[in-house]
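Engineer: What follows is a single structure, and I will ask about it in a moment.
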Amino acid sequence: MLKALGEAKRAGFGGGNSGGCAGVRNGAVIAAGRNQREALQDPTAHAEMLALREAARALNSWRLDECTLYVTLEPCIMCVGAILQARIARLVFGCLDPKAGAVASLMRCAMTRGESPRGSQQRHS
Ligand SMILES: [Zn+2]
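Per numbering that gives the first Met the number 0, the sequence shown starts with residue 0, numbered consecutively.
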């Protein structure tokens, strides 16, 4: 989570464009991302998407089922979809996003009866 927070700080913490993310496998950070929608003028350049791409490159595989993804902010519907597609084993996010969160706030895309079909979520407050 510290790596994710560091990425968020680099993205401009508190500026409304502040998501940070880190992918971890076997205790080692293998990927990191920060929200770069403005810098890249790319609507998909959320921290999670960039970290997932970097993790897949690092492992030379789209199957990230041995990875944990740490994110500063609850992922949106696009990122939850990508996280599920990548088979991420565990998702940890720092705070809820009532505007766009798709795990527990606005939608519950990754949860079935309070559980994730492919992992678990933890909330830290
Ligand atoms: Zn997103």
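Glycine included, each C-beta is placed from N, C-alpha and C at the ideal position.
Can you have a look at residue 14 and say buried or exposed, based on whether 16 or more other CB atoms are within 10 angstroms of its CB?
Structural biologist: Here the question's residue 14 lines up with position 15 in the sequence shown. Any reading at residue 14 needs caution, since the residue's pLDDT is 46, under 50, leaving its predicted position unreliable; the model's value is listed next. Answer is exposed; the Cβ neighbour count stays below 16.
Engineer: Which ranges does the beta strand (DSSP E) cover as unbroken runs of at least 3 residues, wholly within the stretch 29-84, from first to last along the chain?
Structural biologist: Within the stretch 29-84, the complete beta strand (DSSP E) runs of at least 3 residues are 66-72.
Engineer: In this structure, does DSSP put residue 93 in helix, strand or coil?
Structural biologist: Here residue 93 corresponds to residue number 94 of the sequence shown, with the count starting at 1. The answer is strand: DSSP assigns residue 93 an E or B state.
Engineer: I want to check one thing, is the minimum distance from the CB of residue 53 to the heavy atoms of ligand 1 below 7 Å?
Structural biologist: Within the sequence shown, the letter at position 54 stands for residue 53. No, Cβ of residue 53 sits at least 7 Å from all heavy atoms of ligand 1.
Engineer: Is the beta carbon of residue 63 closer than 8 Å to that of residue 47?
Structural biologist: The residue you call residue 47 lines up with position 48 of the sequence shown. The residue you call residue 63 lines up with position 64 of the sequence shown. Contact flag unset, no.
Engineer: In three-state DSSP terms, what is residue 9?
Structural biologist: Start at 1 with the first residue of the sequence shown, and residue 9 comes out as number 10. Correct three-state label for residue 9: helix.
Engineer: Are the stretch 50-63 and the stretch 29-38 in contact at 8 Å, needing three or more beta carbon pairs?
Structural biologist: Enough Cβ pairs lie closer than 8 Å, so yes.
Engineer: Any heavy atom of ligand 1 inside 7 Å of the beta-carbon of residue 20?
Structural biologist: Walking along the sequence shown from the start, residue 20 turns up at place 21. Not so, every heavy atom of ligand 1 lies at least 7 Å from the Cβ.
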